[in-house]
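J.: Residues 22 to 385 (the working numbering) are what the sequence shown spells out, left to right.
Heads up, the beta-carbon is just placed ideally off N, CA and C, and yes, glycines get one too.
Take this structure, written in structure tokens, and hold onto it; I'll ask about it next.
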Amino acid sequence: MAGNGAVAHSPLGLLAELTHRCPLGCPYCSNPLALDARESELDTQTWARVFAEAAALGVLHVHLSGGEPGARRDLVAITQAAHAAGLYTNLITSAVGVTARRMQLLAEAGLDHVQISIQDSDAASADHIAGYDGAFLRKRTLAAAVVSLKIPLTVNAVVHRANIDRIADMVALALNLGASRIEIAHAQYYGWALKNRTALMPSAGQVRRAAAAVEELRRRHRGEIVIDAVVPDYYARLPKPCVGGWGRRSLNVTPAGKVLPCHAAESIPGLEFWSVRERALADIWANSPAFNAFRGTAWMQEPCRSCARREIDFGGCRCQAFAITGDARATDPVCHLAPRHDAVAALAAAQNDTPYAYRGIKAG
Ligand code: SF4
Ligand code: FES
């Protein structure tokens, strides 16, 4: 039982943000605006302890993420520690900062899966979105190394106004890179993407055409590649069950060691996060005030409190509710039943071509 009376399930997934450093500057980055500095990052031994504690708690898979995890010199040792703890290891990388040689060492360390992000199918546009010349070319080299090592590859394509019309080309690129799966993920408006929302927001027409394209591509490529895609938040009728429910199935450890229920949780003021530097993961999972803040259903307001879907979507996303209404307990305004649903349509209509605010700290 968690501190608020709600049942604490076992977590299944751990997002390990190894560093906030990254050579790219994607304007939709999910990292917070205040990035952790290199000096504050957890060391290899602490990550190894976190992985062992996570496995003991029931976690099955770890996503080694960032920033760019390749910016960590000890990435191979970290991967080895996660593998030794018995976790399924997934590396989430931009492909900039991980060489083919390093990929081989990672494979030997027990790496199970690789996810490479692409910014676009068009090289010039991709490099512009990444804020890094030559980023696009690196994807091809690393993908070839991954495939030759027989590690399953997923391509992750974050889509938004500048690239959403090229979904078919991005699927073709993923096939060409040898991926078995592509995730077409719409920009989610927290952190840097919230800052760049008007520049990233697609039009309703683009979203409709993209949905039709995905259906057609799924038909055309059945058996060749799995295409994952969902309706983007601001154009949906019902909210997503964000992180599978707050404090229910996953946890996120920041580069400095804070444990968060989701990657954007620090955007909600007043939450108290505990750190793996001071406490065991099991203690944090069960007792930290941040995890218990929105666990279960007792915190909900109407209409969620009496809604039949309250244990299906858990009232949507707390960070989005806060970002749009200023109240993290509010029904996610994406829901058509939410009192503030009108705000979402107004925000979706606010689009302009202002230059991107690229995310900060660059890795060398
Ligand atoms: Fe989900 Fe709340 Fe909307 Fe019901 S009212 S569908 S629980 S967000
Ligand atoms: Fe924080 Fe959805 S991103 S709850």
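1. Of all the options Glu293, Ala257 and Ala144, which has the alpha carbon lying nearest to the alpha carbon of His357?
2. Which ranges does the beta strand (DSSP E) cover as unbroken runs of at least 3 residues, wholly within the segment 69-154, from first to last along the chain?
3. What is the residue span of the alpha helix (DSSP H) that Glu38 lies within?
4. Would Gly212 and Cys50 qualify as a contact pair, given that the criterion is a beta-carbon distance under 8 Å?
5. According to DSSP, Thr175 sits in a beta bridge with which residue or residues?
6. Which of the three DSSP states is assigned to His284 in this structure?
7. Just to confirm my understanding: we take Ala208, look at its own chain, exclude 5 residues before and 5 after, and list those with CB closer than 6 Å. What are they?
8. Cα-Cα, which of Val117, Glu237, Ala344 and Phe157 is closest to Leu368?
9. Pair every Cβ in the segment 142-155 with every Cβ in the segment 163-176, then say whether three or more of these pairs are closer than 8 Å.
10. At a cut-off of 7 Å, is Leu259 close to the ligand SF4 when judged by its beta-carbon and the heavy atoms of the ligand?
11. Distance, Cα to Cα, Pro32 vs Leu198?
12. Check Ile185 in the structure and name its three-state DSSP category.
13. Which one or two residues does DSSP pair with Val180 in a beta bridge?
14. Looking only at its own chain, which residues have a Cβ that is under 7 Å from the Cβ of Asp353, when we skip the five neighbours before and after it?
15. I need the boundaries of the alpha helix (DSSP H) containing Asp363, first residue and last residue.
16. Can you look up Ala329 in the DSSP assignment and give me helix, strand or coil?
17. Residues bridged to Ser271 by DSSP?
18. What residues match up with Asp348 in a beta bridge as DSSP calls it?
19. Between the C-alpha atoms of Asn313 and Arg218, what's the straight-line distance to the nearest angstrom?
20. Does the segment 231-241 come within contact of the segment 71-81, defined as at least 3 CB pairs closer than 8 Å?
21. Within 10 Å of its beta-carbon, does Ile333 have 16 or more other beta-carbons around it, so buried, or fewer, so exposed?
22. May I ask you to list the residues that DSSP assigns as paired with Asp374?
23. Mapping DSSP to helix, strand and coil, what is Ile248?
24. Measuring only the C-alpha atoms, how far is Ile185 from Val228?
25. Could you name the residues of the same chain whose beta carbon sits closer than 6 Å to that of Gly385, not counting the 5 residues immediately before and after it, in chain order?
26. Run the CB neighbour count on Gly87, radius 10 Å, all protein chains shown included, and call it buried at 16 or more, exposed below.
27. Let me confirm a value: Glu62 is counted as buried when at least 16 other C-beta atoms fall within 10 Å, else exposed. Which label applies?
28. Please name the residue, chosen from Ser201, Trp295, Pro223 and Lys279, that lies closest to Asp249 on a Cα-to-Cα basis.
29. Pick helix, strand or coil for Ser61, following the three-state DSSP scheme.
30. Hey, is Ala371's beta-carbon within less than 8 Å of any beta-carbon in chain D?
31. Short check: CB of Cys283 to CB of Val297, under 8 Å?
32. Determine whether the beta carbon atoms of Ala372 and Ala351 lie at a separation below 8 Å.
T.: Looking at the coordinates:
1. Looking from the CA of His357, the closest CA among Glu293, Ala257 and Ala144 belongs to Ala257.
2. The segment 69-154 contains these whole beta strand (DSSP E) runs: 82-86, 109-114 and 134-139.
3. It is not in any alpha helix (DSSP H) - Glu38 instead sits in the beta strand (DSSP E) that spans Gly34 to Glu38.
4. Taking 8 Å as the Cβ cut-off, Gly212 and Cys50 qualify as a contacting pair.
5. The bridge partners DSSP lists for Thr175 are Gln136 and Arg202.
6. In the three-state reduction of the DSSP assignment, His284 falls in the coil class.
7. Tyr49, Val179, His181, Ala214 and Leu221.
8. Here the closest residue by C-alpha is Ala344.
9. Between the segment 142-155 and the segment 163-176, the count of Cβ pairs shorter than 8 Å is below three; the stretches do not touch.
10. It does: the Cβ of Leu259 is within 7 Å (strictly closer) of some heavy atom of the ligand SF4.
11. Taking the straight line from one Cα to the other gives about 32 Å.
12. In this structure, DSSP gives Ile185 a helical state, which the three-state scheme calls helix.
13. Bridge partners of Val180: His207.
14. Same-chain partners within the cutoff: Pro260, Gly336, Gly337, Cys338, Gln341, Ala342 and Ala359.
15. From DSSP, the alpha helix (DSSP H) with Asp363 extends over His362 to Ala370.
16. Here Ala329 sits in coil by DSSP.
17. In DSSP, Ser271 forms a bridge with Gly34.
18. Bridge partners of Asp348 according to DSSP: none are assigned.
19. A direct Cα-Cα distance of roughly 30 Å separates Asn313 from Arg218.
20. By the Cβ test, the segment 231-241 is not in contact with the segment 71-81, since fewer than three Cβ pairs between them sit closer than 8 Å.
21. Exposed.
22. Answer is none; Asp374 lacks a bridge partner.
23. Looking at Ile248 - three-state DSSP - the assignment turns out to be strand.
24. Cα to Cα, the separation comes out at about 8 Å.
25. Confidence at Gly385 is low in this model, with a pLDDT of 38, below 50, so its placement is unreliable and the value that follows should be read with caution. Closer than 6 Å at the Cβ level, and outside the excluded window around Gly385, lies no residue.
26. The residue is buried, with at least 16 neighbouring Cβ atoms inside 10 Å.
27. Buried, since its Cβ has 16 or more Cβ neighbours within 10 Å.
28. Among Ser201, Trp295, Pro223 and Lys279, the Cα nearest to that of Asp249 is on Ser201.
29. Here DSSP, grouped into helix, strand and coil, assigns Ser61 to helix.
30. In the structure shown, chain D does not exist; there is a single protein chain.
31. For Cys283 and Val297, no; Cβs fall outside 8 Å.
32. Note on identity: in this sequence residue 372 is Gln, with Ala being the wrong assignment. No, the Cβ-Cβ distance between Gln372 and Ala351 is not below 8 Å.
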